[in-house]
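**Student:**
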Amino acid sequence: MPIAETLDTTLDFPAARASGCPFDPAPDVEHARREEPVTRATLWDGFSCWLVTRHQDVRDVLGDPRFSADATHPGFPFLTPGLRELVDGNRSFLRMDDPDHARLRRMLTADFMVKKMESMRPEVQRIADELVDRMTDGRTSADLVSEFALPLPSLVICLLLGVPYGDHDFFQERSRVLLTLRSTRDEVRTSQQELLHYLTRLAESKHDAPDDGIISRLVARGDLVDTEIAATGRLLLIAGHETTANMTALSTLALLRNPDQLARLREDPSLTKVAVEELLRYLTIVHSGVPRVATEDVTVGGRTISAGEGVLCTINTANRDEHVFPDADTLDIGRDARRHVAFGFGVHQCLGQPLARVELQIAMETLLRRLPGLRLDIAFEDVSFRHDMGIYGVHALPVAW
Amino acid sequence: MRVHADQEKCCGAGSCVLSAPDVFDQRDADGIVVVLDTEPPAELHEAVREAAAICPAAAISLS
Numbered sequence: 094m095p096i097a098e099t100l101d102t103t104l105d106f107p108a109a110r111a112s113g114c115p116f117d118p119a120p121d122v123e124h125a126r127r128e129e130p131v132t133r134a135t136l137w138d139g140f141s142c143w144l145v146t147r148h149q150d151v152r153d154v155l156g157d158p159r160f161s162a163d164a165t166h167p168g169f170p171f172l173t174p175g176l177r178e179l180v181d182g183n184r185s186f187l188r189m190d191d192p193d194h195a196r197l198r199r200m201l202t203a204d205f206m207v208k209k210m211e212s213m214r215p216e217v218q219r220i221a222d223e224l225v226d227r228m229t230d231g232r233t234s235a236d237l238v239s240e241f242a243l244p245l246p247s248l249v250i251c252l253l254l255g256v257p258y259g260d261h262d263f264f265q266e267r268s269r270v271l272l273t274l275r276s277t278r279d280e281v282r283t284s285q286q287e288l289l290h291y292l293t294r295l296a297e298s299k300h301d302a303p304d305d306g307i308i309s310r311l312v313a314r315g316d317l318v319d320t321e322i323a324a325t326g327r328l329l330l331i332a333g334h335e336t337t338a339n340m341t342a343l344s345t346l347a348l349l350r351n352p353d354q355l356a357r358l359r360e361d362p363s364l365t366k367v368a369v370e371e372l373l374r375y376l377t378i379v380h381s382g383v384p385r386v387a388t389e390d391v392t393v394g395g396r397t398i399s400a401g402e403g404v405l406c407t408i409n410t411a412n413r414d415e416h417v418f419p420d421a422d423t424l425d426i427g428r429d430a431r432r433h434v435a436f437g438f439g440v441h442q443c444l445g446q447p448l449a450r451v452e453l454q455i456a457m458e459t460l461l462r463r464l465p466g467l468r469l470d471i472a473f474e475d476v477s478f479r480h481d482m483g484i485y486g487v488h489a490l491p492v493a494w
Numbered sequence: 009m010r011v012h013a014d015q016e017k018c019c020g021a022g023s024c025v026l027s028a029p030d031v032f033d034q035r036d037a038d039g040i041v042v043v044l045d046t047e048p049p050a051e052l053h054e055a056v057r058e059a060a061a062i063c064p065a066a067a068i069s070l071s
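Residue numbers (my numbering), protein chains in the order written: chain B, 94 to 494; chain E, 9 to 71.
(1) DSSP on B/Thr-135, reduced to helix/strand/coil?
(2) With C-beta atoms as the reference, is B/Gly-255 less than 8 Å away from B/Lys-299?
(3) Hey, out of B/Arg-468, B/Ile-331 and B/Leu-288, whose CA is closest to B/Leu-349's CA?
(4) Can you tell me the Cβ-Cβ gap for B/Leu-461 and B/Arg-359, rounded? I've got them flagged as a contact below 8 Å.
(5) Any C-beta of chain D within less than 9 Å: which residues of the region 439–462 of chain B qualify?
(6) Here's the rule: buried if 16 or more other CB atoms are within 10 angstroms of the residue's CB, otherwise exposed. What is B/Asp-105?
(7) Ignore the nearest five residues each way along the sequence and tell me which others in B/Glu-240's own chain have a CB closer than 6 Å to its CB.
(8) Quick check: the region 136–151 of chain B against the region 363–375 of chain B, are there 3 or more CB pairs under 8 Å?
(9) Using a Cβ cut-off of 8 Å, which residues of the region 360–393 of chain B contact any Cβ in chain E, in chain order?
(10) CA-CA distance, E/Val-41 and B/Ala-235?
(11) Between the C-alpha atoms of B/Thr-132 and B/Asp-117, what's the straight-line distance to the nearest angstrom?
(12) Output the distance between the C-alpha atoms of E/Asp-33 and B/Ala-342, rounded to the nearest integer angstrom.
(13) Could you check if B/Thr-459 is buried or exposed, using at least 16 other CB atoms within 10 Å of its CB as the buried criterion?
(14) Applying the criterion that 16 or more other CB atoms from any shown protein chain within 10 Å of the CB defines a buried residue, is B/Gly-49 buried or exposed?
(15) Roughly how many angstroms lie between the CA atoms of B/Asp-157 and B/Gly-439, to the nearest whole one?
(16) Can you give me the C-alpha to C-alpha distance between E/Ala-61 and B/Thr-233, rounded to a whole angstrom?
(17) Does E/Ala-61 come within less than 8 Å of chain B when only Cβ atoms are used?
(18) Using a Cβ cut-off of 7 Å, pull out every chain B residue sitting near E/Gln-34, in sequence order please.
(19) Would you say B/Gly-156 faces chain E, with C-beta separation under 8 Å as the test?
(20) Can you name, in chain order, every residue of its own chain whose Cβ lies under 8 Å from the Cβ of B/Leu-453, other than the five neighbours on each side?
(21) If we define contact as Cβ-Cβ less than 8 Å, is B/Arg-196 a contact residue for chain E?
(22) Give a yes or no on whether the C-beta atoms belonging to E/Pro-64 and E/Ser-23 are separated by under 8 Å.
(23) With a threshold of 8 Å between beta carbons, is E/Asp-45 in contact with chain B?
(24) Mind listing the chain B neighbours of E/Ile-68? Cutoff is C-beta to C-beta under 8 Å, in chain order.
Encoded structure:
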């Protein structure tokens, strides 16, 4: 890799979070944001790239078409072996540039627009209530991840895509392997092939037996091949359940650790929408950075990033930038956090964000209303955080009520 | 204040609709931005400025 400017330091990335502060970004990356906001990093696989850590710089990179999301560029940084395999196997529009990206994404924007997602509130609420009914039936404790946080968005994305929910063990397990930092290349390749094979077969089955899900609609267009549909389906399926599931469980834990904020939200549920934006800012579960590669020499935060060099935008540190969010390390559910970049920025900004917002608002409101005595059922020190995953959160969240 | 939205740039994320629903909407066919009120009243200006600031595709311009 060419290095345009030699820096004395290079940071190992992902860097470890501080023990006892599992909601805060890694101290080394926060230090970089304050002292050397565009800095060099060495990734898990020995690959070298730039880290961009401040709010404005992150927006500048992600909003600039001179930074490519096309992962077939040699300089592209991969956060996990699984993400490299997702590209080698069959690329989705997440890893393409315009006009290909726009062509494929625009086939889906109507499916996730605000009005459509708002109209799904009764359905999402019904699912949330049924999950709480089942979880609390004759019991006073449960794992919130496996019984509520994960099934809620999984059921909803299956419904939208036309994927049978009965297969959730299959796709959740493969998704977990793809997002785990330590998965071996063989594990990743097998999971990837099985997932694509499953989705290709599913797309084929919709030719003969169409339903009103997104996969059927993509099939019915007639201008996409089944592998394109499978790559799109895989992206929506993984992004549709992993992200909201982890946000729901981690948000619950963050509120339990901030009892003043929890009490405030319980007393005034009309704060839910604002609170969800603040939780998105504060927790930013896409914690390993959003990858790009420079296609020209570009100056960012006073540093020249040369054509061909990889960049990771650490959106979790951008969301702790005190120039934009005063007292940024404090969870304040009443603050106006709308300028957060938890969904990314630029033309690749999360397509599913209106759905994520509806799900998170309903999940948090339902949990607090239905479980007034909600508490953590193990010591906080014993909670298992997803340090080993591309998407942050908790592996399990034992709670009681 | 005059509001202009570039439908070619728009990526359909919908954040403008959440910030200023009286000024912005999305086209049913493809989720692309439409401006409902090109000269919104003063009480909506802050929400419109916010919508422009958070638009991920920089598709909203104000004059």
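For each residue, glycine too, the CB sits at the ideal point set by N, CA and C.
**Tutor:** In terms of the structure at hand:
(1) B/Thr-135 sits in a strand when the DSSP states are folded into three classes.
(2) Result yes, Cβ atoms of B/Gly-255 and B/Lys-299 sit closer than 8 Å.
(3) Answer by Cα proximity: B/Arg-468.
(4) Indeed, because the Cβ distance is near 5 Å, the residues count as touching under 8 Å.
(5) Chain labels in this structure do not include chain D; the protein chains are B and E.
(6) By the C-beta density criterion, B/Asp-105 is exposed, having fewer than 16 other C-beta atoms within 10 angstroms.
(7) Beyond the five residues adjoining it in sequence on each side, B/Glu-240 comes within less than 6 Å, by CB distance, of Met-228 in the same chain, given in chain order.
(8) The answer is no - the region 363–375 of chain B does not touch the region 136–151 of chain B, with fewer than three Cβ pairs under 8 Å.
(9) Cβ contacts with chain E: none found.
(10) A direct Cα-to-Cα measurement between E/Val-41 and B/Ala-235 gives close to 43 Å.
(11) Each residue's Cα considered, the two are about 19 Å apart.
(12) So the two alpha carbons sit approximately 32 Å from each other.
(13) The residue in question, B/Thr-459, is buried, as its Cβ has 16 or more Cβ neighbours within 10 Å.
(14) The structure shown does not extend to residue 49 of chain B, since chain B is modelled only from 94 to 494, so the question has no answer here.
(15) B/Asp-157 and B/Gly-439: Cα-Cα distance of roughly 7 Å.
(16) One C-alpha to the other measures close to 46 Å.
(17) Taking 8 Å as the CB threshold, E/Ala-61 lines the interface with chain B.
(18) Neighbours of E/Gln-34 across chain B, judged by C-beta separation under 7 Å: Met-206, Val-207 and Lys-208.
(19) B/Gly-156 counts as touching chain E.
(20) Beyond the five residues adjoining it in sequence on each side, B/Leu-453 comes within less than 8 Å, by CB distance, of Thr-337, Met-340, Thr-341, Ser-344, Val-369, Leu-372 and Leu-373 in the same chain, given in chain order.
(21) By this cut-off, B/Arg-196 is not an interface position.
(22) Yes. Within cutoff.
(23) Not one chain B Cβ lies under 8 Å of E/Asp-45.
(24) Neighbours of E/Ile-68 on chain B: none; closest Cβ ~13 Å, over 8 Å.
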